[in-house]
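Residue numbers (the working numbering): 119 to 220.
Beta carbons: idealized from backbone N, C-alpha and C, even for Gly.
Predicted, not measured: the structure shown is a model, and the values here were computed from it.
Put into structure tokens, the structure is as follows:
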């Protein structure tokens, strides 16, 4: 009786972690349906009023990479980039590939 009880306890100990662990695919919500997440932002489709998929959000991209989306960015500072880091913005730099000449 003692061996049987010990064997059942050993089997239960080994089987318990297998029952608790789930696969990674089971934890990812589906993309379609009201409780899916089509844009993978963590908000279900039923409550998601901001669809940030790439095909539909051209105004939400950040063209000049300053952290402000294009929709709210009043000042496009792509011309002010300094490729050679000489202190002169790219639009007014005569030698834009030479950091020693301005």
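Considering only residues of the same chain and omitting the five flanking positions on each side of residue i, which have a CB-CB separation below 8 Å?
i, result
"residue 184", "191, 195"
"residue 211", "200, 201, 202, 204, 220"
"residue 162", "147, 152, 153, 154, 155"
"residue 125", "none"
"residue 214", "201, 202, 208"
Taking the alpha-carbon positions, what's the residue i to residue j distance?
i, j, result
"residue 165", "residue 158", "13 Å"
"residue 160", "residue 189", "22 Å"
"residue 198", "residue 150", "42 Å"
"residue 167", "residue 207", "39 Å"
"residue 129", "residue 179", "54 Å"
"residue 131", "residue 120", "16 Å"
"residue 209", "residue 187", "22 Å"
Apart from the five residues on each side of it in sequence, which residues of its chain come closer than 7 Å, Cβ to Cβ, to residue i?
i, result
"residue 216", "202"
"residue 122", "none"
3-residue-minimum beta strand (DSSP E) runs that sit fully inside the segment 149-209, ordered along the chain: none
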